[in-house]
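Note that numbering that gives the first Met the number 0 has the sequence shown beginning at 0, numbered continuously upward. Even for Gly, the Cβ is constructed at its ideal location relative to N, Cα and C. Given the structure is predicted, the values throughout are model-derived calculations rather than measurements. Comments concern the structure below.
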Amino acid sequence: MAGCLLAFGCELLEEEPEEEKKVDNSTYTYSYTCPTGRKNTIQIPNRLSATCKANWEYYARTYGCNDADNFSEANRRKAQCP
Numbered sequence: 000m001a002g003c004l005l006a007f008g009c010e011l012l013e014e015e016p017e018e019e020k021k022v023d024n025s026t027y028t029y030s031y032t033c034p035t036g037r038k039n040t041i042q043i044p045n046r047l048s049a050t051c052k053a054n055w056e057y058y059a060r061t062y063g064c065n066d067a068d069n070f071s072e073a074n075r076r077k078a079q080c081p
């Protein structure tokens with residue numbers, strides 16, 4: 000208890016409850032087709048910026064299609080985002 004004055008006694012002050020931060024956990028479905036013709040879908044968070052959505056989509060497509068030549072670029076892009 001900080002700031003307690005002995006001359007006036009100490010009262011237990013109830014702290015205001017912190018407002019719960021609401022996190023947008025909604026997602027959208029990203030669909031893509033690999034060069035082999037295989038179709039995939041993945042859920043991507045809506046809370047991301049447009050740039051991060053594109054980065055996550057690139058990451059999903061790169062790994063989902065096993066595009067090993069671009070794994071490092073996909074990792075780099077996704078690492079820029081939460």
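Span of the beta strand (DSSP E) holding residue i?
{"i": "Ile-38", "result": "Residue identity differs from the one stated: residue 38 is Lys in this sequence, not Ile. Its beta strand (DSSP E) spans residues 38–44."}
{"i": "Thr-61", "result": "Counting along the chain, Thr-61 falls outside any beta strand (DSSP E), though it belongs to the alpha helix (DSSP H) covering 49–63."}
Is it buried or exposed, residue i, if we count other Cβ atoms within 10 angstroms and call 16 or more buried?
{"i": "Asn-54", "result": "buried"}
{"i": "Arg-76", "result": "buried"}
{"i": "Tyr-27", "result": "exposed"}
{"i": "Thr-32", "result": "exposed"}
{"i": "Thr-35", "result": "exposed"}
{"i": "Thr-61", "result": "buried"}
Is DSSP giving residue i helix, strand or coil here?
{"i": "Met-0", "result": "Residue placement at Met-0 is flagged as unreliable, the pLDDT there being 48, under the threshold of 50; the coordinate-derived value follows with that caveat. Coil, per DSSP."}
What does DSSP give as the partner residue(s) for residue i in the beta ladder?
{"i": "Ser-30", "result": "Thr-40"}
Over the uninterrupted alpha helix (DSSP H) stretch that includes residue i, give me the two end residues.
{"i": "Asn-74", "result": "70–78"}
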